[in-house]
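Residue numbering for the sequence shown is 254 to 546, as defined by the numbering used here.
Glycine included, every Cβ here is placed at the ideal spot set by N, Cα and C.
Every value quoted in this text rests on a predicted model; they were computed, and no experiment measured them.
Working notes for the structure below.
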Amino acid sequence: MDLEDDTYLVPAFSHPDLTESVRHIGILNPPLIQESEDGRLIPVLGRRRLRAARAAAISRVKVGVISSGMPVADGFRFAFWDNIHHRRMDPATTAVLVKKLLDVFPRKTAAEEFLPALGLRTSGFRLERLRRIGELESALLERLAEGRILEKTAAILVELTSEERRELVQFTERLGLNANKKAEVIGHLFDLSILRSRPVLEFLRDDAALAIMESDIPIPEQASRFRNHVRSLTFPELVHREVQFNHWLRSLKLPHEISLSPAPAFETGGCTIEIRADSLDEAERIVAKITHA
């Protein structure tokens, strides 16, 4: 039994292991298998049940057998409709299914028969993006399903080599970054590699990055410094303006009740003044003082 054959795979990234259930009560609903042209037995329905039986050291399992002449499209129809209503359609599962559907069926058939069940538009940018994401390694798809990387991050990773993907994700996880901060860092690094025509991993190995990562400071501080480093490489002028603004702000020596913030991305020369008061009476006194100044 070739349980790694993915001809009819509908993934279950977020479903519990069935081993203990199968060990105690067996398999109540027999899986469905097909003999391939080279003699292997491949699962059509019930892959998780068969894996659980193997893990539970159950040597004999009753199965249904489909003719080896059954077209892949027919078998995938069985697999799709058998699973679609009790699968959690996370982005990773959806991406794998989109890739499968567009590989196995004519686009018109996929659009009319299957994509509405996934809640997807039958054409457009996201559909093509999901198809590409469906090509990622299972380890990355599992992270996507678990929310450890975002869909937009997965879409960037598709553009990189498998080595680059693996090292970038491991690097951001070593820094303890959450999914949003991973998206920020990986997005900046990808943009830098395009803008500067350099391999993306070089930016993890330049002198400034190595100085941060080889320092004795705590991991959260390393993460913060590396994020700032990458951001300064990506937006040097913006970061320079921020440094100037913060230097000017410190020179004002404002009381803690007053804060100043610049216009978004310094699009104008203006800024916003915010005054905090601990009570309505204090707010009234401040307003009166400003009004009569």
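Beta-carbon gap between residue i and residue j smaller than 8 Å
i    : j    : result
I530 : I543 : Rather than Ile, the amino acid found at residue 530 in this sequence is Ala. Not a contact, by the Cβ cut-off of 8 Å.
V411 : E395 : no
I470 : F479 : no
L413 : V453 : yes
S415 : E455 : no
L406 : K434 : Here residue 406 turns out to be Thr, not Leu, going by the sequence shown. Contact: no.
A398 : F266 : yes
L421 : L442 : yes
Member of the options whose CA lies at the smallest distance from the CA of residue i
i    : options                : result
S446 : E257, S312, L486       : L486
I528 : P517, L256, A516, H509 : H509
F367 : F378, R379, K353       : K353
N336 : L262, P489, S321, G372 : L262
T347 : V492, T414, R384       : R384
H482 : S450, L448, E437, F498 : E437
A310 : V349, P473, G279, E490 : G279
H338 : R313, V314, F456, G372 : G372
D258 : E273, R304, S267       : R304
V318 : E404, S289, I511       : S289
G292 : N282, H277, D255, R300 : D255
A306 : E404, D327, F333, E273 : E273
P269 : S532, R341, A462       : R341
I386 : G400, E426, V351       : V351
D333 : S320, R427, R300, A308 : The sequence shown places Phe at residue 333, not Asp. With distances taken between Cα atoms, F333 lies closest to R300.
A308 : A461, I511, H277, E535 : H277
F331 : Q497, E537, R313, P296 : P296
A476 : D460, L507, E426, K506 : E426
I286 : S312, G328, R313       : G328
Contact belief for residue i with residue j at Cβ below 8 Å, rounded distance in angstroms
i    : j    : result
L294 : P284 : Not really, about 10 Å apart at Cβ, beyond 8 Å.
F519 : L491 : 7 Å
A345 : P264 : 7 Å
L457 : F424 : 6 Å
R401 : A432 : 6 Å
7 Å CB neighbourhood of residue i in its chain, flanking five on each side removed
i    : result
V325 : T260, V357
D322 : Sequence inspection shows Gly at residue 322; the Asp mentioned does not correspond to that position. Hits under 7 Å: none found.
G523 : A516
G440 : I409
R582 : Given a span of 254 to 546 for the chain in the structure shown, any question on residue 582 remains unanswerable.
E417 : V453, L454
R374 : L380
R484 : H441, V492
R494 : F519
K506 : none
D343 : F266, S267, A398
A462 : F456, F479, H482
Contacts around residue i, its chain only, beta-carbon distance under 8 Å, and the 5 residues preceding and following it disregarded
i    : result
T521 : none
S376 : A364
F378 : none
D444 : T487
H500 : none
Beta-carbon contacts of residue i that lie in its chain and below 6 Å, excluding the five residues immediately before and after
i    : result
L355 : A363, R384
I472 : G429
T232 : Within the shown structure, residues of the chain are numbered from 254 to 546, placing residue 232 beyond reach of any answer.
K315 : P283
I511 : I528
A536 : A530
Every unbroken beta strand (DSSP E) within the segment 256-289, with a cutoff of 3 residues, ordered by chain: 285-288
Length-filtered (3 minimum) beta strand (DSSP E) runs lying within the segment 499-545: Those beta strand (DSSP E) runs which fall completely within the segment 499-545 and span 3+ residues are 511-515, 524-528.
I'd like the ranges of any beta strand (DSSP E) spanning at least 3 consecutive residues and lying wholly in the segment 302-389. 317-319
Taking only runs that begin and end inside the segment 437-498, name each unbroken alpha helix (DSSP H) of 4 or more residues, in chain order. Listed in chain order, the complete alpha helix (DSSP H) runs (minimum 4 residues) inside the segment 437-498 are 460-466, 472-487.
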